[in-house]
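Just below is one structure, and these are the notes that go with it.
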Amino acid sequence: MFAPREALLESFKRALLAADPARAFANLKFKQTRGRTLVLGAGKASAHMAHALEASWPKDSLNNLSGLVLTRYGHTLACNRIEVVEAAHPIPDAAGLEAARRVLALASRLGPDDHVIALISGGGSALLSLPVDGISLDDLRGLTAQMLASGAPIEAMNVVRKHLSQIQGGWLASRATSGGTQLSAYLISDVAGDDPSAIASGPCSPDPSTFEDALDIIAQWQIAAPAAVLDHLRAGARGEKPETPKSDAACFQRVSQHIIAAPSQSLAAAAAFWREQGVAVAMLGDTVTGEASQVALVMASMVREALGGRNPLFKPPIVFLSGGECTVSLAALSAESKAAHPPRGGRCSEFLLALLHALGPQSRVYALAADTDGIDGSEDNAGACFDPQSLARAQAQGLRSKDYLLAHDAFGFFQASNDLIYTGPTGTNVNDFRAILVTAPTE
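Here is the structure:
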């Protein structure tokens, strides 16, 4: 039997293993074509996906395989036939812009005997940034920073991105299939509901959103968009710019899409582990969204139910499992506050700190929250894990959980309490993983 903290870490390990691209591609059979097979892709997991694809590709046809994928700095994995380029995330940079231009150019040189394989994972929205004419890289960088600080959900941010891109929102599929080429997209989902149009802003998917939707999102979340961005979106809303390809576009008749790893699979693997340990599982699902600190308050109420021992649905020992992507709003912080105590960390560690603060001192609750790509927000940790002594370790150093929560510095708090989790880049990305363990009362 694992100790509680070790069990949390092992359940996270099982979740990551279930989303390993090598495992997914080992079970796939690829159709051979008379022409070339071109691999194009982007995302935090794209290099590992490309490596796994090469490893499972028929050895006698490797000479027909080539391609280019973009991944985040530090997430690369060398391939033999597919070029891997690193670029910035979440704020796009010139390296990503240049590589995105190359991707679009490669997609435009295909014929009916060729085949495109698209490898798409979360993070591709920022990495595969090629704005439309009239929108500069600086415009895109400024807009992205504003959207991230606003607390807008990723699905909303991606609606705006699609309507500023030459690649996202189905445009890559439109370009790649224009010569009669077939396109097969393999996706690792990091979004609630596994909607392909929302993963990396859907470069190979029909886009149901509109220019009007993008403008509504900017207004709703009070995003200070650059003038060039607003001008383009308004022109699109007036019908002066082409809308993103919709489901009736002819290009999608030559496109197939396959989800090869998803948050639900990882949660199921973790649940199986906990049941092996004799722990009941309360599966909260993989679509949990909202402000991280507010989500933590809701889950704290469930934990209290389990601690009280009167709710038959939450009888300890029990673990609460959930996935999905929360948000952290920084817009309310003043410049002076940010300078005095810079925000550090990400949505997983912020959720965990809010949960710890809400529960206060306790002896039977252990919890872990981590991003499955191995990086939680602004620092290099995957997330954090607390135990019944975490508060005391931090308080012994003069730290108050409330102060660090208000400053959005969960990283600093858990660094002091020695609770940070480091995995390095994991090679996958199926969103956030949260596990809250309530142990049985001692006799």
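The sequence shown begins at 402 in the numbering used here and counts up by one. Ideal Cβ placement from N, Cα and C applies to all residues, glycine included.
Nearest in C-alpha terms to valine 699, of all of Ala759, Arg745 and Ser750, is Ala759. Annotated three-state conformation of phenylalanine 431 is coil, per DSSP. DSSP, read as helix, strand or coil, puts leucine 466 in strand. In this structure, the CA atom of phenylalanine 814 is about 30 Å from the CA atom of serine 665.
In the DSSP secondary-structure assignment, arginine 745 is bridged to Asp810.
In the three-state reduction of the DSSP assignment, alanine 488 falls in the strand class. Each residue's CA atom was taken as its position, placing leucine 471 and glycine 594 some 24 Å apart.
For alanine 785, the enclosing beta strand (DSSP E) stretches over residues 784–787.
The continuous stretches of beta strand (DSSP E) do not include arginine 655, and DSSP gives it neither H nor E. Going by beta carbons, serine 818 and arginine 794 fall inside the 7 Å limit.
As for any alpha helix (DSSP H) of minimum length 4 sitting wholly inside the segment 476–558, the runs are 495–508, 525–528 and 538–551, ordered along the chain.
When the five nearest sequence neighbours on each side are left out, the beta carbons in the same chain lying within less than 6 Å of the beta carbon of glutamine 583 are those of His516 and Arg655, in order along the chain. A buried status is given to proline 607, since no fewer than 16 other beta-carbon atoms sit within 10 Å of its beta-carbon. In this structure, glutamate 726 sits near isoleucine 555, with a CB-CB distance shorter than 7 Å. Collapsing the DSSP output to three states places valine 560 in a helix. Within the same chain, and ignoring the five residues on either side of proline 646 in sequence, the residues whose Cβ sits closer than 8 Å to its Cβ are Gly570, Gly571, Trp572, Ala574, Ser575, Pro607, Asp608, Cys652 and Phe653. Nearest to glycine 686 by C-alpha distance, out of Arg835, Asp820 and Ala443, is Arg835. Under a 10 Å Cβ-count criterion, glutamine 621 is classified as exposed, with fewer than 16 other Cβ atoms of the shown protein chains found around its own Cβ.
DSSP places valine 689 in no alpha helix (DSSP H); its state is neither H nor E. Relative to alanine 601, the option among Val561, Leu634, Ala638 and Thr611 whose CA is nearest is Val561. Around the Cβ of glutamine 816, a 10 Å sphere holds 16 or more other Cβ atoms; the residue is buried. Judged by DSSP in its simplified three-state form, tyrosine 587 adopts strand. Taking all protein chains shown into account, arginine 711 has fewer than 16 neighbouring C-beta atoms within 10 Å of its C-beta and is therefore exposed. Rounded to the nearest angstrom, the gap between the Cα atoms of arginine 415 and serine 667 is 7 Å. For glycine 637, the enclosing alpha helix (DSSP H) covers residues 628–638.
As the crow flies, the alpha-carbon of glutamate 613 is around 41 Å from that of alanine 672. In the structure shown, aspartate 781 adopts coil according to DSSP, grouped into three states. When DSSP states are grouped into helix, strand and coil, glycine 709 belongs to the helix group. As computed with DSSP, valine 766 is found in a beta bridge with Val839. For serine 723, the closest alpha carbon among the candidates Leu731, Met703, Asp540 and Ala500 is that of Met703. When only Cα atoms are considered, leucine 806 and proline 744 end up about 10 Å apart.
Each of Ile660, Asp539, Thr840 and Leu792 was checked against the Cα of glutamine 678, and the nearest Cα belongs to Thr840. The way I'd put it, the segment 762–770 doesn't touch the segment 584–593; fewer than three beta-carbon pairs between them come closer than 8 Å. Threonine 477 and proline 627 have their C-alpha atoms roughly 32 Å apart. DSSP places isoleucine 624 outside both helix and strand once states are collapsed to three, so it counts as coil. The DSSP-derived three-state label of arginine 424 is helix.
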